[in-house]
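Chemist: Residues 42 to 135 (our numbering) are what the sequence shown spells out, left to right.
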Amino acid sequence: MNCEAIHCPDTDSVRFAIYPDGFDGPRIMARISGSALRRHFGAVQAEASLIAACQQNFGLIEAKALDRYAATPQIPVMLAPADFVAVKALAEAA
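What follows is the structure, given as structure tokens:
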């Protein structure tokens, strides 16, 4: 899926769209923290690096955001480093 991402320097996050019901359904805005992108996906502080890390790893990030939204749709989705600890451990074990 295409990654529609924008850097939000005031919150040190990248905002992106998810479509829980496909493109015919609602467009939901989610965020991933800059610290999660730096710690788990190799981004640096630069805006372009944060957006690129989100785009390059969007399959994993989107899946996590969709899971979070499905569990609690009334709460805005904000992914943090802790959301990717198990994913990193699996990648290191492989």
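Even for Gly, the Cβ is constructed at its ideal location relative to N, Cα and C.
Mind checking whether residue 45 and residue 57 have CB atoms under 9 Å apart?
Modeler: yes
Chemist: Spell out a yes or no on whether the segment 110-117 and the segment 86-99 are touching, meaning 3 or more CB-CB pairs, one atom from each, closer than 8 Å.
Modeler: no
Chemist: Quick check on DSSP: helix, strand or coil for residue 55?
Modeler: The three-state reading of DSSP puts residue 55 in strand, counting E and B together.
Chemist: Note the first and the last residue of the continuous beta strand (DSSP E) segment covering residue 46.
Modeler: 46-49
Chemist: Residue 48 to residue 89, Cα distance in whole Å?
Modeler: 8 Å
Chemist: Could you tell me which of 73, 68, 80 sits nearest to residue 54, measuring between CA atoms?
Modeler: 73
Chemist: Report the residue from 94, 77, 84, 92 whose alpha carbon sits nearest the alpha carbon of residue 127.
Modeler: Taking only the C-alpha atoms, the option nearest residue 127 is 77.
Chemist: Could you give the first and the last residue of the continuous beta strand (DSSP E) run that contains residue 72?
Modeler: 69-74
Chemist: With DSSP collapsed to three states, give me the class of residue 126.
Modeler: helix
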